[in-house]
Each structure stands twice: as structure tokens, then as C-alpha cells.
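Asks: Numbering (this note's numbering), first residue to last: 202 to 716. Got a structure for you, questions after.
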């Protein structure tokens, strides 16, 4: 795995594509905001106690995520179970319905207009190690990110995406509050919790609509998307009635440690954050409470202007990278991803490959054979999957093509060509598609679709049937006699979510620009 990771350091020579304004390595079909929406989705599906690559096995890697794709990564266990991430409704009121946000920091003079609450909430901590990470006389180190999932402060773009969803939730709470009847002093606790649950249900319905109609449409193979996007897809891997409950279907390692690692290949080497600043990937990854507490909260140069990350009103956003067996140099950051074994290999790529090797997941050959026995038409769409000899020959040629990288031996090449690690093969398959890295190939798409659409199928509000308006009306009816969401537009992609949040959270005049 170490030598394979070195081979994957060789930059891919991508073909030209139709968008002359984009670099060959860029993917104009997938603005870079979707890279981090994928990371957010990963956090909402899987939360392990410790990485397999570090643990060295499966003993400490149980998935702590109880309800996949129900926004546990944002809401935690709710205002009662995770109170530190919620703001008090009023100074003399112990009820909590809104997610806590924090003020941004200004390097220069703070303007008089615009909402200052653009960062996630952060706090200092008593430091028992004796190491003070503050800047004496200037700033206290904010080492604690007040979020439900600490990974949502992995870096600046991730924490800004988390703040975006929090802003929308809080604005939905206000929409509901304006239409509530006065419950009287004895009913305020129940009214507050009802308000929270209704807003959470609405945001979850919007989130599911975007996953189904926007994110998956962009990243998976069109034929596979067509097979899974309807209201009643025919899943390959579903539990029967006898296997339900705690012993039933779980997020498979083939997804969490295999196919879904493809998002790492989409990460750019730098980002235009807003009109004020461009930051390289190393700087972006280091901007968190864990890594840079003395420079928290985020300052104005890190406030994401969302038209730079999603195509909004004709904007030209940062594009993601094309999907292939290569990662941006910044993901080799030795401070963020230090070496942990005798190879002394730093970076995320080696961790992905080693974790896949330790997870004990199905081989590519076994997956292709099993899917071929159940859905032969899926496998028939791809020569790389249908013809094993061709697959091994194609892999062999690529592995041997850059001898200066990695030092793969002839035995290594034979081993890897005949039994490629799944996360590597998913990237390789995407690169080999006619569209050359613009979407996942069939195998990667099947694994991703099975999990994402499978999790969505278990939710009564997002079965794929009906409009968003109908789904929101059903949410509202659970809590209120009238439809409190009747004025919410049909939101089916991230651009529409950002535009709606800008309006409903009164951020049109935000400085720096929100939209």
C-alpha cells in the first residue's frame, strides 16, 4: 500500500474537455461545494471511534451513527441530549431551539452592516497540559468547537458549510415561531421542543431532496442513477424482515472505507473563498479550533461566498478535481496527516489504502461477480467490469507506466492488477470512463447508490414521491394544524438552498458577501 500510494503521486494527464475556461484537471460538472457536501454526508452516515488505519483492526471501529442521513452530524442528540451546541431562546429562558453560532473575527475595522454570526460557535478551555495556545494580550485560544460532530470543524470550508445549515435551521425556527399561538406559561417547554422538531424535520426533508436530485445526479454514473433515483428502487443489499433491528443492515465497509473515499480525489489545491481572498489547501486544512485555536474565530478572509462554491446566477465557482487515482498535494500535509507506522508515509492517501486493506472488505472480483449474478445488465455496461482479463491488463499497464514513482516491483504490479484495493480501483474506474473522471464508474456508483438511496428509502418524508412542498406539509401536520411551511419554495439543489438561506436569514447585505 505504501508503494502504491507513491505510484499515485504521479499527476494524471487528463484530456481536454469542452469548457475552455476550465483547466484539464478540473470538473465543470461538479462545483467544489459538492466536495464538502460529500464530506458532510460521510459524517452523517458514519462516525467511528478511531480510524482503522490507526487502530490496526476492526475492534474499535463500530459505527456510532444511529440514524443515517438524519442530520445527527448537525443536531447531535437534540437540545436535551447535546445542549452545548444550542443557544438559549432568551436570557431568562432555559429552552433551546436554535443551533449556536459564533461571531466572525475582523482583521480590519468591522463594518456597521451585515450579520456577524457567520462562524460556528467556539470556546476556550481550561488547559490542563500547561500549554497556553493563546496569543498573550491579543486573543484567547478557542480550542473547543461547539458542534455535534467534531469532524465538522476539520477545516475552514467544512465549518462554513456547517454554519450554512445552522443558519437555515435557525431561520426555519423563526418562520415557525411567527405562526405559533401563545401556549401559555405551562406549555412553553413543549412548544419549544415541537418548534425544534418541526424545523429539524423540514431541514432534513430539504437535505434529502438535494441528496437525491442534485448531489447523486452529479457524481454517479447516469445509468446507475436512473436505476436508483425513483421512489422504489430494487436494492441489491437490503435486509429481510428476519434481519431487522440492531442485527440488520449496516453501512458496509465497501462504502465507508472503499467507494466513498472518492471525494478525497475531488479536493482542489487552492480555493477562491470570497472576493477578498484565495487560500491554498494547506492553509485551508489548518484552519480549525484543533489546529489553529489562537486564530479563531475565522476572520473575514475565510467567510465563504457561496457563489464561489456552487453555480449561482451564472457565477463561475471553484470546480472540483476530476476523479482519478491522484490527490492534491495538500492532502499530504504532515501536520494534519502525520506518519503513524514504520513506512513514515504521511498524508491521507496511504491512510485510505491501508484502512481498506485492514477492513476485510470484499475484493473487486468478488463484488463484480456477485453484482453480475444479480444485476448482469449493470456489469455489461462496462468492459472494465465484464472482462476480467482486460481489467487486469489495463491495471497492469497503468501501474507500470510511471516507474519513477513508488518503486513497484513486478510482483507488486501482478498482485495489485489482480486484486486492486477497492478505494484505488474506484478512482481508477472513474478515470477510465469515456467522460474521464467527471463521474464515478458503474461499480463505484452502485456501491454509493445502494447506501445513499438505501438510507433515504427508510425515511417516510423522502421516499422520492411527491414534491418538497408536499413533504414539508406532512412534516408541519405532525406538529401544527396549519401548514407553517407553505411559503418555502421548491428547493432541489444547493444553489437554491443558498439563495433561500440568503433571503430567509437576511444575509443579502452581509459583509463579506454571503452570496
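Even glycine gets a Cβ: it sits at the ideal position worked out from N, Cα and C.
1. Do the stretch 483–492 and the stretch 278–295 make contact, defined as three or more Cβ pairs closer than 8 Å?
2. Pull up the CB-CB distance for residue 623 and residue 565, whole angstroms please, since I reckon it's below 8 Å.
3. Taking all protein chains shown into account, do 16 or more other C-beta atoms lie within 10 angstroms of the C-beta of residue 553, making it buried, or fewer, making it exposed?
4. Determine the direct distance from the alpha carbon of residue 645 to that of residue 627, and round the result to whole angstroms.
5. Pick out whichever of 563, 590, 457 and 467 has its Cα sitting closest to the Cα of residue 530.
6. Is it buried or exposed for residue 661, if we count other Cβ within 10 angstroms and need 16 for buried?
7. Between 495, 435 and 207, which lies nearest to residue 338 when the distance is taken from Cα to Cα?
8. In terms of residue numbering, what span does the beta strand (DSSP E) encompassing residue 300 cover?
9. With DSSP as the reference, please indicate the residues paired to residue 351 in a beta bridge.
10. Taking a contact to mean a Cβ-Cβ separation below 8 Å, would you say residue 298 touches residue 231 in this structure?
11. Have a look at residue 617 and residue 424 and give me their C-alpha separation to the nearest angstrom.
12. Count the CB pairs spanning the stretch 471–486 and the stretch 668–684 that are closer than 8 Å, and state whether there are at least three.
13. Is the beta carbon of residue 343 sitting closer than 8 Å to the one on residue 498?
14. For residue 260, which residues in the same chain have their Cβ closer than 8 Å to its Cβ, ignoring the five residues on either side in sequence?
15. Who pairs with residue 472 in a beta bridge, going by DSSP?
16. Along the chain, where does the beta strand (DSSP E) that runs through residue 227 open and close?
17. Would you tell me roughly how many angstroms separate the C-alpha atoms of residue 508 and residue 696, rounded to the nearest one?
18. Use the C-beta contact count for residue 598: other C-beta atoms within 10 angstroms, 16 or more gives buried, fewer gives exposed.
19. Would you kindly check if the distance between the Cβ of residue 694 and the Cβ of residue 421 is under 8 Å?
20. Is the Cβ of residue 522 closer than 8 Å to any Cβ of chain D?
21. I think residue 648 touches residue 428, with their Cβ atoms under 8 Å apart; what is that distance to the nearest whole Å?
22. Let me know the secondary structure DSSP gives residue 627 once reduced to three states.
23. Would you kindly report the start and end of the unbroken alpha helix (DSSP H) that includes residue 290?
24. Give a yes or no on whether the C-beta atoms belonging to residue 550 and residue 206 are separated by under 8 Å.
25. Do the stretch 397–405 and the stretch 676–695 meet, that is, are 3 or more Cβ pairs less than 8 Å apart?
26. Which of the three DSSP states is assigned to residue 700 in this structure?
Replies: On the basis of the supplied data:
1. no
2. 6 Å
3. buried
4. 5 Å
5. 467
6. exposed
7. 495
8. 294–300
9. Partner(s): none; residue 351 has no beta bridge.
10. no
11. 28 Å
12. no
13. yes
14. Unreliable placement is indicated for residue 260, whose pLDDT of 48 sits below 50; no coordinate value is reported for it.
15. 480
16. 227–232
17. 8 Å
18. exposed
19. no
20. Absence of chain D from the displayed structure is noted, only one protein chain being present.
21. Not quite, the Cβ-Cβ distance comes to about 13 Å (not below 8 Å), so this is no contact.
22. helix
23. Taken as a continuous stretch (DSSP letters only), residue 290 belongs to no alpha helix (DSSP H), being part of the beta strand (DSSP E) at 287–291.
24. yes
25. yes
26. helix
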